[in-house]
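Let me begin by presenting the structure, written as structure tokens, before commenting on it.
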Amino acid sequence: MNKVKITRQARGACGLIFIVDDNAMLVELAGEVLKREGYDVKSFTDPKDVLKAMKEADPKPVALLTDYEMGEMNGLDLIVSSHKIHPLLKTMLLSGSIDGAFFANHPAKVHRFLGKPYLPAQLQSLVAELLQP
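Sequential numbering of the sequence shown, starting at 34, is according to this note's numbering.
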């Protein structure tokens with residue numbers, strides 16, 4: 034099986050990735066991990082800001098990485114709302130409080146799930162997988 038390996042320099046050309054977590058330290062860490070890999074990243078701590086930015090973005094982001102537990106709006110609700118704005122958006126849910134089975138019957142289209150805590154290499158790998166054509 035031939036896999037196309039995307040170089041670090043070309044990853045930014047994949048498009049913009051939105052990352053949201055109400056914990057500023059965790060969103061900064063995830064953003065830095067992906068920036069080091071060459072991805073173009075925009076970080077948020079409030080899901081409402083994500084929706085506003087998504088409406089205004091041109092071009093739209095290619096992916097949304099979101100925490101599950103974020104106060105007023107959880108990650109699954111954010112994914113549903115985001116898909117109303119951008120139906121082709123690829124999504125990854127990050128959580129330390131639920132597992133993948135939790136959202137199996139939820140209307141949110143979650144493409145990848147990563148449990149917390151995670152290693153930077155796990156995040157890098159799943160994002161690369163998420164963005165595969």
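Backbone N, C-alpha and C fix where the C-beta goes; we use that ideal spot for every residue, glycine too.
{"Asked": "Start and end residues, beta strand (DSSP E) containing L147", "Found": "145–148"}
{"Asked": "Where the beta strand (DSSP E) through V74 begins and ends", "Found": "73–77"}
{"Asked": "Endpoints, alpha helix (DSSP H) assigned at K123", "Found": "That residue, K123, is in no alpha helix (DSSP H); its beta strand (DSSP E) goes 123–128."}
{"Asked": "F77 versus A161: straight-line alpha-carbon distance, rounded", "Found": "21 Å"}
{"Asked": "Local Cβ density within 10 Å of V37, reported as buried at 16 or more and exposed below that", "Found": "With a pLDDT of only 41 at V37, under the threshold of 50, the placement of this residue in the model should not be trusted, and no figure is reported."}
{"Asked": "Cβ pair H139, T124 closer than 8 Å", "Found": "no"}
{"Asked": "A96 - partner residues in DSSP beta bridges", "Found": "I50, K123"}
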